[in-house]
Structures are given as C-alpha cells and as structure tokens.
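*Asks:*
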Amino acid sequence: MKKFDLISVGDNATDAFIRLSEAELNCQIDKPECKICMKFASKIPYDSVTEVPAGGNSSNVALGSARLGLAVAYISNVGDDDHGQKTLAKLNEAGINTTWVKKNADVPTNYNYVLWYADDRTILVKHENYPNYFPFDRFDDTHHQSAQSEPDNPEANWLYLSSMSDSDGSVHQQIADWLTAQPETKLAFSPGTWQLKAGVEKLKAIYARTEILFCNKQEATKISNRGESSDEPEVSPRLPNSPKVVFRTLAESIKNLGPKIVVITDGENGASVLDDQNNFYQIPAFTNFGPALERTGAGDAFAAAFLVATANNLPADQALAWGAINSASVVTQIGPHAGLLTRTEIEKKS
Numbered sequence: 037m038k039k040f041d042l043i044s045v046g047d048n049a050t051d052a053f054i055r056l057s058e059a060e061l062n063c064q065i066d067k068p069e070c071k072i073c074m075k076f077a078s079k080i081p082y083d084s085v086t087e088v089p090a091g092g093n094s095s096n097v098a099l100g101s102a103r104l105g106l107a108v109a110y111i112s113n114v115g116d117d118d119h120g121q122k123t124l125a126k127l128n129e130a131g132i133n134t135t136w137v138k139k140n141a142d143v144p145t146n147y148n149y150v151l152w153y154a155d156d157r158t159i160l161v162k163h164e165n166y167p168n169y170f171p172f173d174r175f176d177d178t179h180h181q182s183a184q185s186e187p188d189n190p191e192a193n194w195l196y197l198s199s200m201s202d203s204d205g206s207v208h209q210q211i212a213d214w215l216t217a218q219p220e221t222k223l224a225f226s227p228g229t230w231q232l233k234a235g236v237e238k239l240k241a242i243y244a245r246t247e248i249l250f251c252n253k254q255e256a257t258k259i260s261n262r263g264e265s266s267d268e269p270e271v272s273p274r275l276p277n278s279p280k281v282v283f284r285t286l287a288e289s290i291k292n293l294g295p296k297i298v299v300i301t302d303g304e305n306g307a308s309v310l311d312d313q314n315n316f317y318q319i320p321a322f323t324n325f326g327p328a329l330e331r332t333g334a335g336d337a338f339a340a341a342f343l344v345a346t347a348n349n350l351p352a353d354q355a356l357a358w359g360a361i362n363s364a365s366v367v368t369q370i371g372p373h374a375g376l377l378t379r380t381e382i383e384k385k386s
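Structural data, given as structure tokens:
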C-alpha cells in the first residue's frame, strides 16, 4: 500500500455559480451580517451560470494540495449519478486517489446554488443524508494485526478533516481511534458546520489530536468559547469601524484545547498564526494578482498552501505567506479550483 502525503476527509458538492447583477446589499451598523436583497415574487435575470464539480472544503484542500505536489487520497461520498461521475473524473485527473470515495446508488451527489453578487457569494446548501462512512479500521494488539499491514489502512503523513455530516458523532470517534493507531499521522482540522454545532466537548478527542487548526475569525470566536455563544458580537468585515479582534488571545484560547498550531483567517484583512513554539505572526491579504472576482474557496486554498508548506518543514511565517498567495490567486477566478497555484508559482511570489 502506497504511503500518502495527505488523506483528506469530508463532504463534497457540485457548485453552480449563478452570477447576479440585479440585487443589492443591505448592511446595518447594529447588525452582524449583511443581507443580499432581490425583488420578491419577480422574475430576476441572471448573467451566467458556471457549474464546478468537486467543491467543498475537504475536496478543495485535496485538489489544492495535489496541485502543490503532494500525493493525496480522498475519503468522501458521492451519488452514483452524473455529478458524482464528474466529481470523480476531476479528482482523478488531478492525480488524487479516489479508492475510498463511496458511490451511493440511492443518494444523489450534494448540489449547491451559489448566488454570486459583486465579489462575494451566498450559498444555498443541501447536505444529502449519506450513511456514516470512514473506511479505515483501528487495529491494535487485541486484533494481533498492525494498522500498517492492513491493506485498507494506508499510511499517511497527514490527515485533513473538515466539513462532514455525522449524525451521532460515531465517524469522528472512529477517526480519532484510527489516529490513535497511527501515531505518525498528523491531523489538520478545519471545523465545518456540523463540527462547530457539535461543540468542543463532543469532539475533544479530535481537538486534542490536532496539529494544525484552521478557522476564520467568526469560527475562532465560537471555538474559543467552546461552542457557546460569545458576549462579543460578530461584525461583518464589510462594515466600517469594526472592533479589532485580538487574534492572539483567540489563538491561545483555542490552543489550550489541544491544537499545536492555530491559523485564523480574516478575509480581506489577512491572517495570523500562533505556531507550536508560541510565536505569533500576522500577514495582510496578498493583492498582487489584482482585485477579487469571487471568493469561494479562498480559505481552503489558504489551508492547502499552509499545510503543504508545513509538510515541507517551512517555518510558520513562510507557510502563512504561501497561504496568502494561494488564496489571493483563487479569488481572481470563478470557483475554488481555477486559481490554485503550483509550488513553483508560489515560490516565485514569496
């Protein structure tokens, strides 16, 4: 069995990017979020639609990491349908091992509608109800067999875990158990919707095992409060005079949960990292590629480049720069994949 640089785990979806021009943003100073507004009970024209298979956090990071030269495998579900076939074709074309992407005859591939207005998007999501699925078993002394010798338990330097449904938490416990049996495998974790709702206590084994945790500013606030509501209001990055978030304090709070390295992104305002030696670095957004066209996948591109840099033993400040460069390229293209860079392209910009 081949040893992988990275195994990425999590849901995927086909994204349909619907370009809108007849809409407007409604942002109020006392509200944490802006709203996209369109005429009710009307026919609203759209400018274009672009369909992108193999979207979703873990799929995006798999594709970004493969583009940067890692040997990657992917664990997920798709439907046994046309969208599923296109997803597999895209992953295979990128050189990603799809042995453990399960085709489901009775459940369709996830499909999202991305309402793209100005340089950002609002995503209409539907998570299909796939059976809980993690294909690797934990083998220990009681089984008289090692995980490394079992063909369905490959070796990996890194496991990347992000958004996935798990109704009772059993898959995450299985992942935690597998990681226990694979002490050489490092975990990179970017909590998705279900994982954030589950809270820290339910996933404490995952947080404790995490080498790198990726999140954005709003997610960091939630995680640092252990999944409880924060007294500090979230503020839209589009509003002026937003109160400054103390990123180091947030990162230190998250680090106390177990992660060795904490990366917090803040969109157009840049990103920060607290590394495993407690060095804290910040970087502004990289702008050399020009203005943003559409921001889907920016955080995933950042995570992929930071992870690959770390896997190549680069220091945290340089990994931060790799992330900023890759993210800046992705937002100049439609969707999360078109702007992904190679290692050579990132190194030329570093």
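Take 37 as the starting number for the sequence shown in our numbering and just add one per residue. Glycine is no exception: its CB is placed at the ideal position from the N, C-alpha and C atoms. Since this is a predicted model, take the numbers as computed values, not measurements.
1. May I ask you to list the residues that DSSP assigns as paired with residue 346?
2. Would you say residue 40 and residue 190 are within 8 angstroms of each other, going by their C-beta atoms?
3. Excluding five sequence neighbours on each side, which residues of the same chain lie with their C-beta closer than 8 angstroms to the C-beta of residue 323?
4. Tell me which residues share the same chain as residue 207 and place their Cβ nearer than 8 angstroms to its Cβ, disregarding the 5 neighbours each side in the sequence.
5. My parser needs the beta strand (DSSP E) runs of 3 or more residues fully inside the segment 73-135; what are they?
6. Roughly how many angstroms lie between the CA atoms of residue 268 and residue 67, to the nearest whole one?
7. Beta-carbon within less than 6 angstroms of residue 122's beta-carbon, same chain only, minus the 5 sequence neighbours each way: which residues are those?
8. Can you tell me whether residue 96 is buried or exposed, with buried defined as 16 or more other CB within 10 angstroms of its CB?
9. Residue 465 by DSSP, collapsed to three states: which one?
10. Let's see if you can read the secondary structure: which residues bound the beta strand (DSSP E) around residue 317?
11. Could you compute how far the alpha carbon of residue 137 sits from the alpha carbon of residue 224?
12. Spatial neighbours of residue 127 within its chain, please: C-beta separation below 8 angstroms, excluding the five flanking residues on both sides.
13. How far does the beta strand (DSSP E) with residue 376 in it extend, from its first residue to its last?
14. Under 6 angstroms Cβ to Cβ from residue 244, same chain only, skipping five residues before and after it: list those, please.
15. In three-state DSSP terms, what is residue 206?
16. What three-state label does DSSP hand residue 137 in the structure shown?
17. Inspect the beta-carbon positions of residue 148 and residue 159 and report whether they are closer than 8 angstroms.
18. Does the distance from the C-beta atom of residue 354 to that of residue 340 stay below 8 angstroms?
19. Between the segment 57-64 and the segment 329-338, do three or more beta carbon pairs fall short of 8 angstroms?
20. How many angstroms separate the CA atom of residue 187 from the CA atom of residue 193?
21. Tell me which same chain residues have a C-beta within less than 6 angstroms of the C-beta of residue 51, skipping the five on either side of it?
22. Would you decide whether residue 82 is buried or exposed? Buried here means 16 or more other CB atoms lie within 10 Å of its CB.
23. Hey, residue 309 and residue 352 are a contact pair by Cβ (cut 8 angstroms); roughly how many whole angstroms apart?
*Replies:* In terms of the structure at hand:
1. One-based indexing of the sequence shown puts residue 346 at position 310. Bridge partners of residue 346: none, in fact.
2. Along the sequence shown, read from residue 1 onward, the residue named residue 40 stands at position 4. Along the sequence shown, read from residue 1 onward, the residue named residue 190 stands at position 154. A contact, by the Cβ cut-off of 8 angstroms.
3. Locating residue 323 in the sequence shown gives position 287, where the first residue counts as 1. Closer than 8 angstroms at Cβ, skipping near neighbours: 364.
4. In the sequence shown, residue 207 corresponds to position 171, counting from 1. The residues are 168, 169, 170, 200.
5. Taking only runs of at least 3 residues, the beta strand (DSSP E) segments lying wholly in the segment 73-135 are 84-91, 108-115.
6. In the sequence shown, counting from the first residue as 1, residue 268 sits at position 232. In the sequence shown, counting from the first residue as 1, residue 67 sits at position 31. Low confidence applies to residue 268: its pLDDT is 43, below 50, so where it sits in the model is not reliable, and the reading given next is rough at best. Their Cα atoms are separated by approximately 13 angstroms.
7. Along the sequence shown, one-based indexing puts residue 122 at 86. Answer for residue 122: 89, listed in chain order.
8. By one-based count along the sequence shown, residue 96 stands at place 60. Buried is the call here.
9. No answer is possible for residue 465: it lies beyond the span of the chain, which begins at 37 and ends at 386.
10. One-based indexing of the sequence shown puts residue 317 at position 281. 316-319 is the extent of the beta strand (DSSP E) around residue 317.
11. Here residue 137 refers to the residue found at position 101 when the sequence shown is read from its first residue. Here residue 224 refers to the residue found at position 188 when the sequence shown is read from its first residue. Near 20 angstroms, if we compare the C-alpha coordinates of residue 224 and residue 137.
12. Numbered from 1 along the sequence shown, position 91 holds the residue referred to as residue 127. 90, 95, 98, 99, 110, 134, 137.
13. Walking along the sequence shown from the start, residue 376 turns up at place 340. That residue, residue 376, is in no beta strand (DSSP E); it is neither H nor E in DSSP.
14. Counting from 1 along the sequence shown, the entry for residue 244 is found at position 208. Closer than 6 angstroms at the Cβ level, and outside the excluded window around residue 244, lie 294.
15. Here residue 206 refers to the residue found at position 170 of the sequence shown. Correct three-state label for residue 206: helix.
16. Residue numbering aside, residue 137 sits at position 101 when the sequence shown is read from its first letter. Residue 137: strand per DSSP, three-state reduction.
17. Taking the sequence shown and counting its residues from 1, one reaches residue 148 at position 112. Taking the sequence shown and counting its residues from 1, one reaches residue 159 at position 123. In this structure, residue 159 lies closer than 8 angstroms to residue 148 by Cβ.
18. Against the sequence shown, residue 354 aligns to sequence position 318. Against the sequence shown, residue 340 aligns to sequence position 304. No, the pair does not count as a contact, with Cβ atoms beyond the cut-off.
19. no
20. Here the question's residue 187 lines up with position 151 in the sequence shown. Here the question's residue 193 lines up with position 157 in the sequence shown. Because the pLDDT at residue 187 is just 48, under 50, the model does not fix this residue reliably, and the value given afterwards should be weighed accordingly. Going from the Cα of residue 187 to the Cα of residue 193 covers about 17 angstroms.
21. Counting from 1 along the sequence shown, the entry for residue 51 is found at position 15. Its chain contains 88, 91, 148, 150 as the residues whose beta carbon lies nearer than 6 angstroms to that of residue 51, once the 5 sequence neighbours on both sides are disregarded; these appear in chain order.
22. In the sequence shown, the residue the question calls residue 82 occupies position 46. That one is exposed.
23. The sequence position of residue 309 within the sequence shown is 273, counting from 1. The sequence position of residue 352 within the sequence shown is 316, counting from 1. Right, their Cβ atoms sit about 5 angstroms apart.
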